[in-house]
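The listed protein sequences derive, respectively, from chains P and E. Per my numbering: the first sequence = residues 1 to 117. Per my numbering: the second sequence = residues 1001 to 1117. We put the CB at the ideal spot given by N, CA and C, even for glycine. Bear in mind that the values here come from a model prediction, so they are computed numbers and not experimental data.
Protein chains: 2
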Amino acid sequence: MKSALAALSALAQETRLAVFRYLVEAGPEGMTVGRIGEALGVPAATLSFHLKELSHAGLVSSRQESRFIWYSANYESMNGLIAYLTENCCRGQPEACGVGCAPQTKSSTASRKKVPA
Amino acid sequence: MKSALAALSALAQETRLAVFRYLVEAGPEGMTVGRIGEALGVPAATLSFHLKELSHAGLVSSRQESRFIWYSANYESMNGLIAYLTENCCRGQPEACGVGCAPQTKSSTASRKKVPA
DNA sequence: TCCATGTTTCCATGATTATGGAAACATGGG
DNA sequence: CCCATGTTTCCATAATCATGGAAACATGGA
């Protein structure tokens, strides 16, 4: 999955992971760029760079409201990532994988390739 | 979480993600380095580099068996990552997050910080 | 329109990461 | 022992990524 890789790449960076966590906590309304930067101690230019990365990976969205831009976490996209990882974790040996309750994706049980001997 | 970041970084790379997926499919016994490289078309030196990354992140383990080295996926560590992401996804607004069945981690409900207004 | 405030783009710099051939190292069979 | 086979380390190179100041751009209030 292409988007899973993109999401992983986006989150695999300390500042971006912190920003995303902050936005998840901020709830669906999200938070303005200024506040995020203030809360996390990230300079504007740097934050803008990371927000663009997150946005490009589809993990956050933004909306303009008067002079401010609000960024918010994209829960569906995070769900997609979790679903992808769950499948990757459990494929073939569900018992070895403690998750035990993968989200009901249509492809959860389909496409079970066998490893060539 | 430090290890979550390490796991994300390790998986956020096309070749490594492919290797991990391959190892998950290979099952608990895992697969030898040679076969992995052969199956995925990755040169030995490159593969060794990536296996070291995955291993360092705790996502795979290795054991020597005669002249071969078998690498296998570390399911618990993947579970840890999924649990971490699930918490990050659902914290505050479980309803917005379709996962609906987070693994029963002790910290699932604890540590719910509030975002400063 | 002019100004204050919020955000992004530009850009130069430094740091990290990926790649793969060649050589070194390890293991076990003969 | 010596050799074949499997794996890793070494190393140089190239590419990508992170950082943050300064300047540009956007928006809305006076």
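Secondary structure, beta strand (DSSP E): runs of 3+ residues fully inside the region 1011 to 1083 of chain E: 1060 to 1065, 1068 to 1073, all fully within the region 1011 to 1083 of chain E.
Beta-carbon contacts of R1016 of chain E that lie in its chain and below 8 Å, excluding the five residues immediately before and after: In the second sequence, the residue the question calls residue 1016 of chain E occupies position 16. In its chain, beyond the 5 residues on either side, A1010, H1050, E1053, L1054 have a beta carbon closer than 8 Å to the beta carbon of R1016 of chain E.
The region 67 to 75 of chain P contacting the region 1061 to 1072 of chain E, beta-carbon criterion three pairs below 8 Å: Contact fails: fewer than three Cβ-Cβ distances are below 8 Å.
Near-chain P residues of the region 1042 to 1066 of chain E - C-beta to any C-beta below 8 Å: Against chain P - using a Cβ distance shorter than 8 Å - the region 1042 to 1066 of chain E contributes no residues.
Beta-carbon contacts of S1077 of chain E that lie in its chain and below 7 Å, excluding the five residues immediately before and after: Translated into the one-based positions of the second sequence, residue 1077 of chain E becomes position 77. For S1077 of chain E, same chain residues with a beta-carbon under 7 Å away, outside a window of 5 residues either side, are A1007, G1058, L1059 in chain order.
Local Cβ density within 10 Å of A44 of chain P, reported as buried at 16 or more and exposed below that: Indexing the first sequence from 1 puts residue 44 of chain P at position 44. Taking a 10 Å sphere around the C-beta of A44 of chain P, we find fewer than 16 other C-beta atoms and assign the residue as exposed.
Where Q93 of chain P sits in the DSSP three-state scheme: Your numbering for residue 93 of chain P matches position 93 in the first sequence. Reliability fails at Q93 of chain P, whose pLDDT of 47 lies under 50, so the model's placement of it is uncertain and no value is given.
Nearest residue (CA-CA) to E29 of chain P, options P:C89, P:L81, P:A73: As a working note, residue 29 of chain P is residue 29 in the first sequence. The candidate whose alpha carbon is nearest that of E29 of chain P is P:A73.
Cut-off 8 Å between Cβ atoms - residues of its own chain near H1056 of chain E, not counting five sequence neighbours on either side: Start at 1 with the first residue of the second sequence, and residue 1056 of chain E comes out as number 56. Within the same chain, H1056 of chain E has close Cβ partners A1006, A1010.
Proximity test, Cβ basis, 8 Å: S1003 of chain E and chain P: Here residue 1003 of chain E corresponds to residue number 3 of the second sequence, with the count starting at 1. No, its Cβ sits nowhere closer than 8 Å to a Cβ of chain P.
Below-8 Å beta-carbon distance, L8 of chain P vs any chain E residue: On the first sequence, position 8 is the one that residue 8 of chain P refers to. Yes, contact with chain E.
Neighbour flag for V162 of chain P against chain E, beta carbons, 8 Å: As shown, chain P starts at 1 and ends at 117. That puts residue 162 of chain P outside it, with no answer to give.
Rounded Cβ spacing between Y84 of chain P and A4 of chain P (contact assumed at less than 8 Å): Taking the first sequence and counting its residues from 1, the one referred to as residue 84 of chain P is at position 84. Taking the first sequence and counting its residues from 1, the one referred to as residue 4 of chain P is at position 4. Yes, they are in contact, since the Cβ atoms of Y84 of chain P and A4 of chain P sit about 4 Å apart, within 8 Å.
Classification of G41 of chain P by the beta-carbon crowding that lies within 10 angstroms, buried from 16 upward: Start at 1 with the first residue of the first sequence, and residue 41 of chain P comes out as number 41. Counting C-beta atoms within 10 angstroms of its own C-beta, G41 of chain P has fewer than 16 neighbours from the protein chains shown and is therefore classed as exposed.
Cutoff 8 Å: L1040 of chain E Cβ touching any chain P Cβ: Residue 1040 of chain E sits at position 40 when you count from the first residue of the second sequence. Answer no: the Cβ-Cβ gap between L1040 of chain E and chain P never drops below 8 Å.
Through-space distance from Y22 of chain P to C89 of chain P, alpha-carbon basis: For the purposes of this step, residue 89 of chain P is identified with residue 89 of the first sequence, where counting begins at 1. For the purposes of this step, residue 22 of chain P is identified with residue 22 of the first sequence, where counting begins at 1. In this structure, the CA atom of C89 of chain P is about 27 Å from the CA atom of Y22 of chain P.
Within chain P, the residues that E1014 of chain E reaches when beta carbons sit closer than 7 Å: Taking the first residue of the second sequence as position 1, residue 1014 of chain E is located at position 14. Correct list: L5.
Chain P contact residues for Y1071 of chain E, given Cβ-Cβ distances below 8 Å: Along the second sequence, read from residue 1 onward, the residue named residue 1071 of chain E stands at position 71. The premise fails here: Y1071 of chain E is roughly 13 Å from chain P at the closest Cβ pair, so nothing lies under 8 Å.
Exposure label - G121 of chain P; buried when at least 16 CB within 10 Å: Since the first residue of chain P shown is 1 and the last is 117, residue 121 of chain P is not available in this structure.
Whole-angstrom distance between S1061 of chain E and G37 of chain P, CA atom to CA atom: What you label residue 37 of chain P is simply residue 37 of the first sequence in a count that begins at 1. What you label residue 1061 of chain E is simply residue 61 of the second sequence in a count that begins at 1. A straight-line Cα-Cα distance of about 39 Å links G37 of chain P and S1061 of chain E.
Positions along the region 1021 to 1037 of chain E whose CB lies within less than 8 Å of some CB in chain P: Taking a C-beta cut-off of 8 Å against chain P, the contacting residues of the region 1021 to 1037 of chain E are R1021, Y1022, V1024, E1025, A1026, G1027, P1028, M1031, listed in chain order.
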